[in-house]
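Engineer: Chains as they are written, first to last, in the numbering used here: chain W, 3 to 459; chain L, 3 to 459; chain B, 3 to 459; chain G, 3 to 459. Built from N, CA and C at the ideal position, the CB exists for glycine as well. Keep in mind that this is a model prediction, so the values were computed, not measured. First the structure, which I've put down as structure tokens, then a few questions once you've had a look.
Protein chains: 4
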Amino acid sequence: MIDLVIRGGTIITASDTFVADVGIRDGKVVQIASDLRGAGPELDATGKLVVPGAVDAHVHMAPVFGTPKADDFESGTRAAAAGGVTSFVDFACQLEGQPLRAAVEAAQALARDKAIVDYSFHIAVADPTPDIVAELPEVIADGFPSLKLFMHRANFHARITEFMRLVAQGARHGALTAVHCEFQPVIAYVTEQLLAAGKTDPRYFPESRPIHAETAATAEAVSFCQAAEAPIYVVHLSNAQALEVTTAARRVGLPVYVETRPVYLYLTDERYQLPGRESGKYVVFPPLRTKLDQKALWDGLGSGLIHTLATDHSPITTDAKTDPCRTFAEIPPGAPAIQTLLPMLYSEGVAKGRITANRWVELVSTNPAKLFGLYPDKGTIAVGSDADLVIFDSAVTRTIDGARMHSRAGHDPFDGFQVQGWPSVTLSRGEVVYEKDRVVGRPGRGKLLRRRRFTTL
Amino acid sequence: MIDLVIRGGTIITASDTFVADVGIRDGKVVQIASDLRGAGPELDATGKLVVPGAVDAHVHMAPVFGTPKADDFESGTRAAAAGGVTSFVDFACQLEGQPLRAAVEAAQALARDKAIVDYSFHIAVADPTPDIVAELPEVIADGFPSLKLFMHRANFHARITEFMRLVAQGARHGALTAVHCEFQPVIAYVTEQLLAAGKTDPRYFPESRPIHAETAATAEAVSFCQAAEAPIYVVHLSNAQALEVTTAARRVGLPVYVETRPVYLYLTDERYQLPGRESGKYVVFPPLRTKLDQKALWDGLGSGLIHTLATDHSPITTDAKTDPCRTFAEIPPGAPAIQTLLPMLYSEGVAKGRITANRWVELVSTNPAKLFGLYPDKGTIAVGSDADLVIFDSAVTRTIDGARMHSRAGHDPFDGFQVQGWPSVTLSRGEVVYEKDRVVGRPGRGKLLRRRRFTTL
Amino acid sequence: MIDLVIRGGTIITASDTFVADVGIRDGKVVQIASDLRGAGPELDATGKLVVPGAVDAHVHMAPVFGTPKADDFESGTRAAAAGGVTSFVDFACQLEGQPLRAAVEAAQALARDKAIVDYSFHIAVADPTPDIVAELPEVIADGFPSLKLFMHRANFHARITEFMRLVAQGARHGALTAVHCEFQPVIAYVTEQLLAAGKTDPRYFPESRPIHAETAATAEAVSFCQAAEAPIYVVHLSNAQALEVTTAARRVGLPVYVETRPVYLYLTDERYQLPGRESGKYVVFPPLRTKLDQKALWDGLGSGLIHTLATDHSPITTDAKTDPCRTFAEIPPGAPAIQTLLPMLYSEGVAKGRITANRWVELVSTNPAKLFGLYPDKGTIAVGSDADLVIFDSAVTRTIDGARMHSRAGHDPFDGFQVQGWPSVTLSRGEVVYEKDRVVGRPGRGKLLRRRRFTTL
Amino acid sequence: MIDLVIRGGTIITASDTFVADVGIRDGKVVQIASDLRGAGPELDATGKLVVPGAVDAHVHMAPVFGTPKADDFESGTRAAAAGGVTSFVDFACQLEGQPLRAAVEAAQALARDKAIVDYSFHIAVADPTPDIVAELPEVIADGFPSLKLFMHRANFHARITEFMRLVAQGARHGALTAVHCEFQPVIAYVTEQLLAAGKTDPRYFPESRPIHAETAATAEAVSFCQAAEAPIYVVHLSNAQALEVTTAARRVGLPVYVETRPVYLYLTDERYQLPGRESGKYVVFPPLRTKLDQKALWDGLGSGLIHTLATDHSPITTDAKTDPCRTFAEIPPGAPAIQTLLPMLYSEGVAKGRITANRWVELVSTNPAKLFGLYPDKGTIAVGSDADLVIFDSAVTRTIDGARMHSRAGHDPFDGFQVQGWPSVTLSRGEVVYEKDRVVGRPGRGKLLRRRRFTTL
């Protein structure tokens, strides 16, 4: 009656902590009990944590509007499985003239034979024509109820009203709109000034994308989503002022959700002072911020003012990041992060006493699953949920070394960090995909996830 | 092997919602499963919700520094059981010269033979002498790790430094300090002015305890707890400005927790305009506030800026509340609330779409249990927890009528409210204490709860 | 030696109040003394106030990008003189392809033979090409050191970076940038929705331009001016939230100045509930706001968080404002206001005890003169300043009646208001241009004012 | 007809800047003119600034509740005259049992034969009995319309309601209440902890009086003055958070005024790291704060959110400040400051471009004169005002050296600062009291100032 028992672990959900056995059948959790009898296969989790697999809401393995990343769905999901990420949401980027459905199919085609864990796609639109607005409800109904806006792209500010029609249409049909909040005209202007002044080195990069540009764009996004009567999900919020904008919006009851990103929690803008081209590795949008911002983000995680941690996994090769011939504006933005999402937050957050283990699970698994319509299949350990589980050994320590990780980036932003806690085993729908430091899941076994409509947290 | 099965209900915890059977043995939850085999007794919960019993963190059945309330532990816990409250924390009020232990014993003596559900006590101190400070660690170690300060009492501001020593001692030993934040000297002055001007009617009552007096006291409390390096729990926060003070404190990472109270969520200061002495029923500390404040509190519940809902159950007879010979300052403060805690929040919050069902459980059960050291015995449905469970029928509707409720107050602040959702069955440690509209638990079966130390949410 | 003495009045400047005689020679103040001997002409100001002529920083008599207003420079400056406004700044609007100098000359040509009081122009640019950016320094050097941006115009958001180059160029050469802060894409979207729903009546107008659209645009403006290292002057700020944005900016030391406008101080959005098409008269950008916003603006005037009061005098005929065939979006925006600027603020502000008489002078005369480079010629009563003076009778009362005022609008937003205080005599450069309720200044006597560079307040 | 002409200086008032001659008769300004004819004595101010004498609203030359300072009224007013301070307000401290009138007379007796410049007294009360409350109106009517509360004194929090009766009585009769905002119970507790831990060195002093203690007390003061319907003047505000409290109060229209103090503008808490006992010199209440606080204060001066700069001149001998036998809690608090008030703010503020020259005059002369009822006799240069004038040479530079200054403290907190700008001549009521680096005014010539009632700024 039971295919597999996870025996004796400490189960951590977003709200609970208790020791129990977990019984799995047909890829789903069917029993949680104090002493589960059974004669079948078992995994011993005694002394370890058993947590729901992480749900990474912000991942780039597919090309972004045509620009490829260093990972494809095979290397990327290998990193995911090894890191305890059992599902994630990438982006189906509609190109000019392309129907949404075609964009989804194109993205899916890249993943189908390669993915080791489950995945889905946000809908990102280059060209929000009336046809696209009209097509959106079908795509949502097909299981893709989330949009992504890129305020930092060159054309965005010229077409906000058109994007609002898209966002409003999405909201009417149950989609959540994720927004990259950076005020493009300001960035364009400041970048132009810096380059004209010969300030081309990556150490000038953070000046080119100032805190006030993120803050103002966040205020804009709150305004246009409010006008469109749409819930909003602010991605990779990086600074204290922008967090005040979202907090003020929440205080008056607006449906505003906030994501932050590992690099802002563990690193600060001091990295841009690194010698040579090493600083180029930290060209991420928005840039690394100050220690004060970093503290505000941790406090926001603890207070529930930030709802998710997602990676914006965007692997770029070390060569491209550190190429001495490139100005800061020519370095491809992004950093790999999916493999360390779960252990880094445990190590820096839970082990250091900044957040509870329940908050850890909530931030990287339960909340993203709920916001993006994957819950209750994903995001928790409950009767009826998918058996996407991680047996996590909180006692083990590791040193991060990007060169030995699964992403093809070849480096990691946290290289050299000592972490406490690491996944021992990752299960996807009851199947072991990672154990004993080896990814054992078969490429192609990962499934496309058709998602539910947005509901409030 | 299983004493009782709760069959087929929708289980709601602070983070999860799923259909499953719950198996109980020796008063504890031992199995949660999709199809629990067993031949023993069952309760059918099909189509109903199964939630952890509410944990009311703020209750007065014992006298407050000698002043009795209309309920004793029998009538009060009868109301609790009928309302789905399976544990609560009352106050052991130390009188001048009395050791803490004696105060705890005196409180316990009142409850021992009467309580139908489980209970514990916060430590409230009249006279924070060095001896009391010295005695505190033992009392905490005995299972009473929480203090209560009454800033609105006449003597408080003269002795803050002494209270800080007590608070700091408590924090060092794992106690959480609950604070009633109202700035007594302001209230005394304004009351004096109003009475001198002949403004003695209860409709002047809200003027006597202005919003700024609560706000300033909240700022004070944040300051002195910060100086004492102590976590703080602000009780019955009632207004938007005070919530800004606590939110600002949380934003910089201070361990500040916030409770609000049913009367502020469902009523506003318009009640003081009621004719005759009816308005006297709404003499509660702090007073009912404006619609804007009410909205801010609801937004705060939704955002996680408010952590618990507790009743401050303080039943006073209708005669005393509406006595035409009393000035507003002579009306005993307080209102009954424990029986409606769970259904009112479901009805006004969940059924009206303001909060999720998970937040409902979190606010009235999980969070108070965690903050006051009752978790994981109380506050959730998990393997190993006490089987304090409520089968809640979300389809039934009722009209609140205090005259027919269990509290001896004889009225209810929400008289006449139509509510959707009502407890069908209440179980305490696996035993049915309420069903079919009757309290069936035996007085004296309720246990004194010795609690764990405070940990952060 | 002295051409004219103003005898015995109470002189009010932005900081001082004292009784003295004022001696004028060659159009300038040359003596201020307790007992000025002289045998020449005198004006008796005993028992009256003597204040510097108002400086209206925001006036439309010239067409705005080709759209004419109901007043030309003759009717408009007649209204100005009668109201005690002795200088003002209108707009030289550059049309596509037009050099700035041509725009200034075109504006000046309209004013030259008609103006009764002195005037200047802000530079408003339709098309911020590199040529225009290159031309700007000359125009500033010629005496026009201020720019105006219209964020509510259709094209603005597509060209922000270009406008930033213009603003930065202006700042480098000493210009202050005035910004109309409304987030156009939101307004366009909401207007489209309202019209599509058949909500075309002017009572829907305020919904079309929500508070959050002004607030977000203000945040944007603070961001792009900060990036351009330019001081900013937010025109006609109308709501409490936007004032929080500017206040936050000032608290961190940014050079952000705030103007508000009479309609927001004396009227609220209740006007949109007026029957028939009367509400159309109140179609102004941004719309009238709530009572709470109104209170915040008054508090801001008192606290110095708002720096100027200017009229945005934009007269539209009553027929056009109340035309029943027009949707709210087709009603030309604007209202006449220049004639009542000084007396309305005295009556509602000083006489009602909300602000001091010194603040009155500071808001309508000294601060605008300083910010826009007219000080010390204009904006005060000091030795060496132009004798632009108003003898103001604070005892007289009047009822506002737009039908009998000088603007060709034919109505006034404050029709029916009883005011206390009215100008008795207006002098422009020592010459009486208004007295005994008659405008006696000759059209064409008004001079083009070439202004100094911006300096901080 | 004219006793003295100040010829050719640049006159600076709170709002104006212009070149003119000033004519003085009978100690008052009677003419301000472009070319003043006269045959009498003259002082040449060509190329120099002519400013109203500074009005120091916060000075201790009289003992504070019995504790003497290093200066008496002779040495102290010598320093004042040399620094361009021509009037100031010290404190008449009522001792227990003493009538207010006796306190005023005692203070006056100390000043009468010694003061070189004019002075008055705030009323400070040790024991706010009903008799004292009853006596207050007479003392106000006699010309002493200001109260001072010391929240940092041991007994204050026990007697707030009594102090509120005093404050309300004062407000009804036109007094402004100045408040020292520090939360005494917190300071007492933290000091006790530090001393118990052996942290007695002055470098621990700032920890003993934390920012949150000032902030919370400021919130309390806003609350109790609001309840007493009294305007409030927060003295020596030192940190950014407290400034947020006062700014929030002003934003809702409360009559809250803010003073800061030179030490917070020019120094930071780095001074407490000085070796040996040098750090003891910086024991002032509240302590020096962080660079961030310092910036917030400068921004507040520029924005008008801070209204006055006053010295809290409290000279203590170098021996007492640096005595190695004293714990930080035993070092008498305070620093000399009156001689450098005017030049330091010119040098650090005006010369460095942080504030305008008009703001300089407003902060140290006009605003304190207005708030404390000395205007228009003091605080400006206008016809009818006292000829309290300073000819200020903005070109000269000096190095601060407390050993050579007039205060008997023997040191200065700004020792070693290079300043630009220094008084050349000080006139008090038309009489030169300081010139050519010598104080020439006669002790005893200073007059007791009977002041007007509070009016709003």
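1) Whose Cβ in chain W lies nearer than 7 Å to the Cβ of L:V385?
2) I'd like to know whether the C-beta of W:P378 is nearer than 7 Å to at least one C-beta of chain L.
3) Which bits of chain B does G:G200 rub up against, with CB to CB less than 7 Å?
4) Determine which residues share a DSSP beta bridge with B:T399 and list them.
5) Beta-carbon of W:T368 versus every beta-carbon of chain L: anything under 7 Å?
6) Counting pairs of Cβ atoms below 8 Å between the region 178 to 187 of chain W and the region 152 to 166 of chain W, do you hit three or more?
7) Between L:D74 and L:A111, what straight-line distance do the alpha-carbon atoms span, to the nearest angstrom?
8) For W:E98 and chain B, any beta-carbon pair shorter than 7 Å?
9) Residues in the same chain with beta-carbon distance under 7 Å from B:F123, minus the five sequence neighbours each way, listed in chain order, please.
10) Could you check the C-alpha separation between G:P326 and G:D203 for me, to the nearest Å?
11) If you drop the 5 nearest sequence neighbours on each side, which residues of the same chain put their C-beta closer than 8 Å to that of W:P264?
12) What first and last residue would you give for the beta strand (DSSP E) that runs through B:P54?
13) Let's test the definition: count the other Cβ atoms within 10 Å of the Cβ of G:R39 and tell me whether it reaches 16, buried, or not, exposed.
14) Determine the direct distance from the alpha carbon of G:E261 to that of L:A244, and round the result to whole angstroms.
15) In angstroms, rounded to a whole number, what distance separates the CA positions of W:T19 and W:I13?
16) Comparing the C-beta of G:H1 with each C-beta of chain L, is any distance below 7 Å?
17) Alpha carbon to alpha carbon, how far is W:G11 from W:D23? Give it in angstroms, no decimals.
18) Can you give me the C-alpha to C-alpha distance between W:A397 and G:V258, rounded to a whole angstrom?
19) Over the uninterrupted alpha helix (DSSP H) stretch that includes W:G10, give me the two end residues.
20) Classify G:R452: buried if its beta carbon has 16 or more other beta carbons within 10 angstroms, exposed otherwise.
21) What is the residue span of the beta strand (DSSP E) that B:K150 lies within?
22) With a Cβ-Cβ cutoff of 7 Å, do G:Q33 and B:A35 count as a contact?
23) Could you compute how far the alpha carbon of G:R9 sits from the alpha carbon of G:T48?
24) Rank B:L450, B:V441, B:V434 and B:D388 by C-alpha distance to the C-alpha of B:P43 and give the top, closest one.
25) Can you tell me the Cα-Cα spacing of W:I159 and B:G172, whole angstroms?
26) Give the straight-line distance between the Cα atoms of L:D87 and W:E209, rounded to the nearest whole angstrom.
27) Does the separation of the CB atoms of L:A190 and L:S148 fall below 7 Å?
28) Quick one: give me the first and last residue of the alpha helix (DSSP H) that L:E222 is part of.
29) According to DSSP, is L:D321 part of a helix, a strand, or is it coil?
30) Rounded to whole angstroms, what is the Cα-Cα separation between G:D5 and B:G423?
31) Give me, in chain order, the residues of the same chain whose beta-carbon lies closer than 8 Å to that of B:A353; leave out the 5 immediate sequence neighbours on both sides.
32) For B:P233, which of B:V57, B:L269, B:K150 and B:Y266 has the nearest alpha-carbon?
33) What are the start and end residues of each continuous beta strand (DSSP E) run of 3 or more residues lying completely inside the region 31 to 75 of chain L, in chain order?
34) Considering only the alpha carbon of each residue, which of B:H175, B:R400 and B:R114 lies closest to B:I142?
Structural biologist: The relevant details are as follows:
1) Chain W residues near L:V385: F20, A22, I34, A35 and S36.
2) Closer than 7 Å to some Cβ of chain L, the Cβ of W:P378 qualifies, so yes.
3) Within chain B, no residue comes near G:G200; the closest Cβ sits about 40 Å away, beyond 7 Å.
4) In the DSSP output, where bridge partners are listed per residue, B:T399 has B:Q422.
5) At least one chain L Cβ lies under 7 Å of W:T368.
6) Yes, the region 178 to 187 of chain W touches the region 152 to 166 of chain W.
7) Cα to Cα, L:D74 sits roughly 12 Å from L:A111.
8) No, no contact with chain B.
9) Taken in chain order, the residues that qualify are V91, D92, F93, A94, V106, A109 and F146.
10) The straight-line gap from Cα to Cα measures roughly 9 Å.
11) So the list reads L311, T313, A339, T342, L343, M346, L347, P415 and F416, once near-sequence residues are dropped.
12) Run containing B:P54: L51 to P54, per the beta strand (DSSP E) assignment.
13) So G:R39 ends up on the exposed side.
14) Each residue's Cα considered, the two are about 26 Å apart.
15) When rounded, the distance between both Cα atoms is 6 Å.
16) Residue 1 of chain G lies beyond the stretch modelled for chain G, which goes from 3 to 459, so this question has no answer here.
17) In a straight line, the C-alpha of W:D23 is about 7 Å away from that of W:G11.
18) When rounded, the distance between both Cα atoms is 56 Å.
19) Counting along the chain, W:G10 sits inside no alpha helix (DSSP H); it lies in the beta strand (DSSP E) bounded by residues L6 to I14.
20) A residue is called buried when at least 16 other Cβ atoms come within 10 angstroms of its Cβ; G:R452 does not meet this threshold and is exposed.
21) Residues S148 to F152.
22) It is a contact, given that the beta carbons lie within the stated cut-off.
23) Taking the straight line from one Cα to the other gives about 7 Å.
24) The candidate whose alpha carbon is nearest that of B:P43 is B:V434.
25) Here residue 159 of chain W turns out to be His, not Ile, going by the sequence shown. If I take the Cα positions, the gap works out to 23 Å.
26) Checking the sequence shown, residue 87 of chain L turns out to be Val, not Asp. Distance between the alpha carbons of L:V87 and W:E209 is about 56 Å.
27) Not in contact: L:A190 and L:S148 (Cβ atoms no closer than 7 Å).
28) Its alpha helix (DSSP H) spans residues I213 to A229.
29) DSSP places L:D321 in helix when its eight states are reduced to three.
30) For the pair G:D5 and B:G423, the Cα-to-Cα distance works out to about 39 Å.
31) Closer than 8 Å at the Cβ level, and outside the excluded window around B:A353, lie S396, Q422 and G423.
32) The residue with the shortest Cα to Cα distance from B:P233 is B:K150.
33) Within the region 31 to 75 of chain L, the complete beta strand (DSSP E) runs of at least 3 residues are 44 to 46, 51 to 54 and 56 to 58.
34) The shortest Cα separation from B:I142 among B:H175, B:R400 and B:R114 belongs to B:H175.
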